[in-house]
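J.:
Numbering (this note's numbering), first residue to last: 251 to 577.
1) Buried or exposed: where does residue 266 fall if 16 or more other Cβ atoms within 10 Å of its Cβ makes it buried?
2) Spatial neighbours of residue 251 within its chain, please: CB distance less than 6 Å, with the 5 preceding and 5 following residues excluded, ordered by chain position.
3) For residue 451 and residue 492, I'd like the C-alpha separation in whole angstroms.
4) With a threshold of 6 Å on Cβ separation, who are the neighbours of residue 570 within its own chain once the five nearest residues in sequence on each side are excluded?
5) Would the beta-carbon of residue 463 fall within 8 Å of that of residue 375?
6) In whole angstroms, what is the alpha-carbon distance linking residue 292 and residue 517?
7) Is residue 218 buried or exposed, if buried means 16 or more other CB atoms sit within 10 Å of its CB?
8) For the alpha helix (DSSP H) containing residue 424, list its first residue and its last residue.
9) On the DSSP bridge list, what partners appear for residue 357?
10) For a minimum of 4 consecutive residues, which ranges assigned as the alpha helix (DSSP H) are wholly contained in the segment 514-546?
11) Residue 288 and residue 299 - do their beta-carbons sit closer together than 8 Å?
12) Measure the CB-CB distance between residue 336 and residue 256 and report whether it falls below 8 Å.
13) Should residue 341 go down as buried or exposed, given a rule of 16 or more other Cβ atoms within 10 Å for buried?
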């Protein structure tokens, strides 16, 4: 399933116990690898997965985990983050735990040859979101900035080829590298409001995570405004959209516009049709609780401002303009 649940984690843990397993192999995209991480933590630390909702809450290293990645998007095979949906509360629990790191990660581009174009696009946009949010945040290092820039470069150079010709091994390999580098960047520097809102939408409506990120990314970048123009201009240069001589604001806007064009080429819309207006305050609360104060976002927003972000899908659907966060 696109968003692993507490029930699935419990079923997997019961299988682990019943078969007297010594280690865990997670094969697939972010969802099955996240389940494997959850079982790994439970196997050595005990309790319920709900006990580990938060930052570094386990005490012991997880049971040895081999992560075999089959998509180029989440980077979960190389990160300390995993997400599990609480079906009762209809919210996503974000665990950031170094004890969940895979013992071995395997990235083989031949396993992605049969991935459908729509999934190729959504997972690729997920990796792009990881790289961008890690780069524009306020908790970066030389290493995370380098990884994020490289990821953006590889994605812009290869995602269209991987989308139109899934059997192109070079494009698949480069997208895998991009996904991994983006994962390395955000597991240290974290993400931002795109992920916080996407998680709230995924928990409530089971919207696939990569798709939600793709819908939201350009509009959240617009709302950050000039605070990220300089950083976006550097991403635009890495993407090959602009040169170093291009003015920052022009380059930043060109980068956002190219993301919008990319979405259009891949058939990714601008709305989340499932969203209901009466749910927006609750969704904004979940996003606010996840992001603040954990995510080092370039511009801090509160729950009231996040309501506007959650409302974006409805506003766009009705062809209204987004209400700016900041005058």
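Glycine residues also receive a C-beta, built at the ideal position from the N, C-alpha and C atoms.
A quick note: this is a predicted structure, and the numbers were derived from the prediction, not measured.
T.: Quick look at the numbers:
1) Position 16 of the chain shown, counting from 1, holds the residue named residue 266. Buried is the label assigned to residue 266, since at least 16 other Cβ atoms lie within 10 Å of its Cβ.
2) Position 1 of the chain shown, counted from the first residue, corresponds to residue 251. Excluding sequence neighbours, residue 251 sits near nothing in its chain.
3) Here residue 451 is taken as the residue at index 201 of the chain shown, counted from 1. Here residue 492 is taken as the residue at index 242 of the chain shown, counted from 1. So the two alpha carbons sit approximately 33 Å from each other.
4) Your numbering for residue 570 matches position 320 in the chain shown. Note that residue 570 has pLDDT 30, beneath the 50 cutoff, so the model's placement of it is unreliable and the number below is only indicative. So the list is empty, once near-sequence residues are dropped.
5) One-based indexing of the chain shown puts residue 463 at position 213. One-based indexing of the chain shown puts residue 375 at position 125. Less than 8 Å divides the Cβ of residue 463 from the Cβ of residue 375.
6) One-based indexing of the chain shown puts residue 292 at position 42. One-based indexing of the chain shown puts residue 517 at position 267. Near 39 Å, if we compare the C-alpha coordinates of residue 517 and residue 292.
7) Given a span of 251 to 577 for the chain in the structure shown, any question on residue 218 remains unanswerable.
8) Within the chain shown, numbered from 1, the residue matching residue 424 stands at position 174. According to the DSSP assignment, residue 424 belongs to the alpha helix (DSSP H) that extends over 419-439.
9) As a position in the chain shown, residue 357 is number 107, starting the count at 1. Per DSSP, 319.
10) For the segment 514-546, whole alpha helix (DSSP H) runs of length 4 or above, ordered along the chain, are 530-541.
11) Here residue 299 refers to the residue found at position 49 when the chain shown is read from its first residue. Here residue 288 refers to the residue found at position 38 when the chain shown is read from its first residue. With respect to the 8 Å criterion, residue 299 and residue 288 are classified as neighbours on the basis of their beta carbons.
12) Start at 1 with the first residue of the chain shown, and residue 336 comes out as number 86. Start at 1 with the first residue of the chain shown, and residue 256 comes out as number 6. Going by beta carbons, residue 336 and residue 256 fall inside the 8 Å limit.
13) The sequence position of residue 341 within the chain shown is 91, counting from 1. Residue 341 is buried by the Cβ-count criterion.
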